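A short worksheet on the structure shown next.
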Amino acid sequence: RKEVEQDPGPFNVPEGATVAFNCTYSNSASQSFFWYRQDCRKEPKLLMSVYSSGNEDGRFTAQLNRASQYISLLIRDSKLSDSATYLCAIYSGTYKYIFGTGTRLKVLA
Amino acid sequence: GAVVSQHPSWVICKSGTSVKIECRSLDFQATTMFWYRQFPKQSLMLMATSNEGSKATYEQGVEKDKFLINHASLTLSTLTVTSAHPEDSSFYICSAREEGGAYEQYFGPGTRLTVT
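Going down the list, the protein sequences come from chains A and B. The working numbering applies: residue 23 is where the first sequence begins, and numbers increase by one. The working numbering applies: residue -18 is where the second sequence begins, and numbers increase by one.
Written out as structure tokens, the structure reads:
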């Protein structure tokens, strides 16, 4: 089993839709969790950290489910500019981050 | 927010030559920097973890003699691709974790290497 798994997509959604991605991880000792956004041929940019209590930033909500070992990202009212690849990253306290393969999102007009 | 720069942003070189890529944390100190490689439509692959003042830790399958890493200061790490070959053509991205900060890491803009 991979350490971090994501559905590669693509998820094609109309503008205004709500879309959610999950990312599962295998190491129960994982400490910190992040969502990054990567545009084509660009570097990943930190979107948000994922806290145990869940966190929200505008249209974006991230949640952590330790029991089932996954994190989620919810995007409400999708915009065309949200089209990108969304990467989850897990930090397990060994100075190493494990990235998922990313989920491609296409928001359609 | 934390800013990481990378230089050059793209480079084309001939097979057999060496290429040095610089990664700098501009507004924070980074004890640890990371070097990744990404092939088209694939995920980030961690190559090595660069620690200031000590040897880098390489991931399995990454040749340390081919990919030389030097982390000479708290704001600079370099990756040198030695004797580059066409199969080394890739997008190389560095990231840095702020000293004493939370566990977020911040990425440089990447270097696109093409070996002809």
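Ideal placement from N, C-alpha and C gives every residue a C-beta, glycine not left out. From a predicted model like this one, the values you see are computed outputs, not experimental measurements.
Using the rule of at least 16 other Cβ atoms within 10 Å of the residue's Cβ for burial, across every protein chain shown, is residue i buried or exposed?
i	result
residue 37 (chain B)	buried
residue 45 (chain A)	buried
residue 78 (chain B)	buried
residue 23 (chain A)	exposed
residue 21 (chain B)	exposed
residue 57 (chain A)	buried
residue 107 (chain A)	buried
residue 73 (chain A)	exposed
residue 19 (chain B)	buried
residue -2 (chain B)	exposed
residue 4 (chain B)	buried
residue 59 (chain A)	buried
Which residue's Cα is closest to the Cα of residue i: the options?
i	options	result
residue 73 (chain B)	B:8, B:28, B:9	B:28
residue 17 (chain B)	A:39, A:66, A:100	A:66
residue 25 (chain A)	A:92, A:129, A:98	A:92
Along the beta strand (DSSP E) that carries residue i, what are the first and last residues, could you check?
i	result
residue 32 (chain A)	Counting along the chain, residue 32 (chain A) falls outside any beta strand (DSSP E), and DSSP gives it neither H nor E.
residue 59 (chain A)	54 to 60
residue 86 (chain B)	86 to 88
residue 9 (chain B)	It is not in any beta strand (DSSP E) - residue 9 (chain B) carries neither H nor E in the DSSP assignment.
residue -16 (chain B)	Residue -16 (chain B) -> no beta strand (DSSP E), and no H or E assigned at all.
residue 57 (chain B)	57 to 62
Between residue i and chain A, is there a C-beta pair that is closer than 7 Å?
i	result
residue 90 (chain B)	yes
residue 74 (chain B)	yes
residue 24 (chain B)	yes
residue 80 (chain B)	no
residue 85 (chain B)	yes
At least one CB of chain B closer than 7 Å to the CB of residue i: is that the case?
i	result
residue 27 (chain A)	no
residue 40 (chain A)	no
residue 65 (chain A)	yes
residue 123 (chain A)	yes
residue 108 (chain A)	no
residue 130 (chain A)	no
residue 127 (chain A)	no
residue 95 (chain A)	no
residue 105 (chain A)	no
Tell me, to the nearest whole angstrom, how far the beta carbon of residue i is from that of residue j; I am working on the premise that it is less than 8 Å.
i	j	result
residue 131 (chain A)	residue 96 (chain A)	21 Å between Cβ atoms; not a contact.
residue 30 (chain B)	residue 49 (chain B)	About 14 Å; that fails the 8 Å criterion.
residue 95 (chain B)	residue 70 (chain B)	5 Å
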